[in-house]
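Numbering (the numbering used here), first residue to last: -5 to 104. Using N, Cα and C, we set each Cβ at its ideal position, and we do this for glycine too. In this text the structure is predicted, and so the values were computed from the model without any measurement.
Right under this line is the structure:
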């Protein structure tokens, strides 16, 4: 079996100051940690009482979410720190947080 070199990038969590943040909506910031081909990994920081503007639709692929800190709500239920959420391709939700949260997001297919 032929091995491939592992691309490794280490960042401090949550909200590493070394990674620039892009404000998506008021109180919601995205930090891109890694991009490779179509896949990407991010930190999403949500301030207390913040909410996505509209519906977040997962297209073309799924979204994998790990709640690093705080409590995330998908518009239906709360997910405390340590929760993992798989949002299949074509699914949608309205991200929000009453107390604030930091999420690790992975998009395997873009």
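Assigned secondary structure, residue i (DSSP; H/G/I helix, E/B strand, else coil)
i: residue 25; result: strand
i: residue 36; result: strand
i: residue 71; result: coil
i: residue 13; result: coil
i: residue 80; result: strand
i: residue 103; result: coil
i: residue -5; result: Residue confidence is low: residue -5 scores 45 on pLDDT, short of 50, so the model does not pin down where it sits. No coordinate-derived value is stated.
DSSP bridge partner residues for residue i (one or two, in chain order)
i: residue 30; result: 33
i: residue 45; result: 90
i: residue 63; result: 96
i: residue 50; result: 87
Buried or exposed by the 16-neighbour rule on C-beta atoms within 10 Å, applied to residue i
i: residue 91; result: buried
i: residue 62; result: buried
i: residue 66; result: buried
i: residue 31; result: exposed
i: residue 80; result: exposed
For residue i, the nearest candidate out of the options (CA to CA)
i: residue 26; options: 18, 35 and 101; result: 35
i: residue 40; options: 101, 87, 21 and 98; result: 21
i: residue 33; options: 45, 55 and 13; result: 55
i: residue 84; options: 18, 53 and 23; result: 53
i: residue 58; options: 28, 102 and 44; result: 102
i: residue 98; options: 50, 43 and 28; result: 28
i: residue 77; options: 18, 96, 12 and 60; result: 60
i: residue 18; options: 12, 42, 47 and 75; result: 47
i: residue 104; options: 82, 72, 95 and 15; result: 82
i: residue 74; options: 95, 100 and 42; result: 95
i: residue 89; options: 15, 12 and 49; result: 49
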